[in-house]
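To start, the structure itself, in structure tokens.
2 protein chains.
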Amino acid sequence: MGILDLSNELAIGIDIGGTNTKYGIVNHRGEILDKGDIKTDAYPSIEEFIEGLHNAMMPIIEKHSSVGIKGIGMGAPNGNYYTGTIEYAPNLPWRGIIPIAKMVTEKFSIPCTLTNDANAAAMGEMMYGAARGMKDFIMITLGTGVGSGIVSNGLMIYGHDGFAGELGHIIVRPGGRKHWSTGAHGSLEAYCSATGIAITAKKLRAENIHSALNEISEDKIDSLAVFEVAEKGDETAKEVFRYTGQILGEALANFIMFSSPEAIILFGGVIKAGDYIMKPTKEHMEKNLLPIFQNKVKLVFSELKEADAAILGASALAWET
Amino acid sequence: MGILDLSNELAIGIDIGGTNTKYGIVNHRGEILDKGDIKTDAYPSIEEFIEGLHNAMMPIIEKHSSVGIKGIGMGAPNGNYYTGTIEYAPNLPWRGIIPIAKMVTEKFSIPCTLTNDANAAAMGEMMYGAARGMKDFIMITLGTGVGSGIVSNGLMIYGHDGFAGELGHIIVRPGGRKHWSTGAHGSLEAYCSATGIAITAKKLRAENIHSALNEISEDKIDSLAVFEVAEKGDETAKEVFRYTGQILGEALANFIMFSSPEAIILFGGVIKAGDYIMKPTKEHMEKNLLPIFQNKVKLVFSELKEADAAILGASALAWET
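Chains as they are written, first to last, in my numbering: chain B, 1 to 321; chain Y, 1001 to 1321.
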């Protein structure tokens, strides 16, 4: 191997979540060679957080220091690709605008690129997952919230300010359900996130007193619990997913008429409900498309392991630079 | 000037509409040096149409033949950039899939690039109009129908199949007004096209018997007629535009959360209603945006003369190749 062979170069991926921050060292094949995590919320100031992250990561960085490390890719809620700042993230401990990419670059002496967590997930899918080789796709993350990353012409759509791709906040039912945090009425997230599904389940079980959903205690009602009740044949539990899938499918049809992707890739806890949600989603997606778009957009699940996807996605950013 | 100076090179723009086909020879500064038109619907077969177009255009092509002609750009309903074909255009006389770019290239011995008419309009705006220098914008054409062209990262979004940007068919009112042609319920075009505005006006004048809108004969009700009545102070006529603007504004907010454009550029006959439609559009657009998107997206009118825009837009395609 000559000195110009970079195929064994490595990238670092860091995923900052409200509770945990995960990190890993990744090779070109998407294998995580080493990984770890720290508690995000244990660091009240961003300086302490970066100090803690640096201390935690130094052993694995030194371990691989004989191989070049191309860069650090970082995904975070409200992370802005253009400015490298996290801006007013409601679920992180640090207020205001945090110039985290610059701070990490200086602390680690390795160039750091930031994007939001949903865009990072889409990057990971394009580099290592279900979107390999695709130039046009949309990734939708159905978790506690609804996130999204949109790729068109082979490029992530960041928009003029770096904030593009907030599909969870698109209004799909004007005047509909009020969002617990934004206050908007009828947004996709209000219905199709895990939180939205729990609200739907509580509403429907109140209307159907014989449903086995009523046997679950109030604080245990979540997407997984509803799935388990559906598996036992409960029609109300199935209706929760049918209703959610209809709204998701209608929204996906609108997204397709915007950017005409080759595929829509779904990711996140909600997709564990499988066909209960996928069948109505697919049905209403197709039904709401113009004929020229029908029966050609793939609706698939992520191919990345949920535990690794965030690290892989973030690391994918580092190869770009 | 040496032989490598191409600044005086020319491009041909052809805009195929259901009734007329306009063509022109355009320079780099967006000046139309010569133009003309033929009747699209006078040619029952595509072969006759291309023969007729060639005969009509040869005099002006020969006139400029001492200068290089870089290419022909063509805009047409259902025109596909990737395949160069017009596919199942309901308003054109020719059925099925028409390989028009190839046919024109061969007939004129000049390379021809095709796109749909709304994308061509956006190209023209980027090259010569209100979107000069922008890398992220959305162009919305409010005419008989609602068309759109979306530019992101400086590139037109065509999608994987060339059909992206059908924003007129996005559902903005699930279960709402049935579209006269697609049969879909609640699409943007059903409300915000000139046709949609006429429907709203007829509905509202029936509910408000004292409105001066009732003095217009049934077949004369259109966007312009409603505007004229609004100018005389009629509240029902104003309400037609307020209602239309609200729906348009809500839709634009959704589009912004998708691709975060620097500007939305409006074009077409409907915008002649000016503030009657723009004020509610802007108000409801801002109201439905997440705070991070508020008060930063420009909502502007096209800067191109309506009579020339289609030719300029189509010609802009030719410079790209």
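Even for Gly, the Cβ is constructed at its ideal location relative to N, Cα and C.
- Any Cβ of chain B closer than 8 Å to the Cβ of R1173 (chain Y) would place that residue at the interface, and such an atom is present.
- Beta-carbon to beta-carbon, A273 (chain B) and M74 (chain B) are separated by about 31 Å, too far to satisfy the 8 Å threshold.
- The count of Cβ pairs closer than 8 Å, one atom from the segment 245-252 of chain B and one from the segment 185-193 of chain B, reaches three, so the stretches are in contact.
- Interface annotation, H284 (chain B): not in contact with chain Y, CB-CB separation never under 8 Å.
- Put simply, the backbone Cα of G1079 (chain Y) is about 33 Å away from that of V1240 (chain Y).
- In the three-state scheme derived from DSSP, where H, G and I count as helix and E and B as strand, G1165 (chain Y) is classed as coil.
- Under the Cβ criterion of 8 Å, T1182 (chain Y) is counted among the residues facing chain B.
- Distance from the CA of E47 (chain B) to the CA of D117 (chain B), rounded to the nearest whole angstrom, comes to 21 Å.
- Boundaries of the alpha helix (DSSP H) harbouring I1061 (chain Y): I1046 to K1063, taken from the DSSP string.
- For the segment 241-261 of chain B, the residues whose beta carbon sits under 8 Å from a beta carbon of chain Y are, in order, E250, A253, N254, F255, M257, F258, S259, S260 and P261.
- Membership of M1139 (chain Y) in the beta strand (DSSP E) is indicated by the continuous run F1137 to L1142.
- DSSP places N116 (chain B) in the strand class (E or B) of the three-state scheme.
- The Cβ-Cβ distance between A1011 (chain Y) and G1071 (chain Y) falls below 8 Å.
- Not one beta carbon of chain Y lies nearer than 8 Å to the beta carbon of G313 (chain B).
- Annotation for M74 (chain B): the continuous beta strand (DSSP E) segment containing it runs I69 to A76.
- When Cβ-Cβ separations below 8 Å define contact, N288 (chain B) makes contact with chain Y.
- If you check the CB distance, V1297 (chain Y) and I1264 (chain Y) come in under 8 Å.
- For H169 (chain B), the residues of chain Y that pass the 8 Å Cβ criterion are M1257 and L1290, in the order they occur in the chain.
- Within 10 angstroms of the beta-carbon of Y82 (chain B) lie fewer than 16 other beta-carbons, which makes it exposed.
- Going by DSSP, S1152 (chain Y) is part of the beta strand (DSSP E) stretching over V1146 to S1152.
- The beta carbon of L1299 (chain Y) does not come within 8 Å of any beta carbon belonging to chain B, so the residue lies off that interface.
- Of all residues in the segment 1094-1127 of chain Y, none places a beta-carbon less than 9 Å from a beta-carbon of chain B.
- Looking from the CA of E306 (chain B), the closest CA among B:A251, B:N55 and B:G143 belongs to B:G143.
- Under the DSSP assignment, N1288 (chain Y) falls outside any beta strand (DSSP E); it carries neither an H nor an E label.
- Between G1024 (chain Y) and G1013 (chain Y) the beta-carbon gap is near 5 Å, inside 8 Å, which marks them as a contact.
- Boundaries cannot be given for N8 (chain B), as no alpha helix (DSSP H) includes it and DSSP labels it neither H nor E.
- Under the Cβ criterion of 8 Å, L317 (chain B) is not counted among the residues facing chain Y.
- Taking a beta-carbon distance threshold of 8 Å, K272 (chain B) does not count as an interface residue toward chain Y.
- For the segment 1138-1152 of chain Y, the residues whose beta carbon sits under 8 Å from a beta carbon of chain B are, in order, I1150 and S1152.
- Assigned with DSSP and collapsed to three states, D219 (chain B) falls in helix.
- In this structure, DSSP gives I209 (chain B) a state outside helix and strand, which the three-state scheme calls coil.
- Pairing A121 (chain B) with F267 (chain B) gives a Cβ-Cβ distance under 8 Å.
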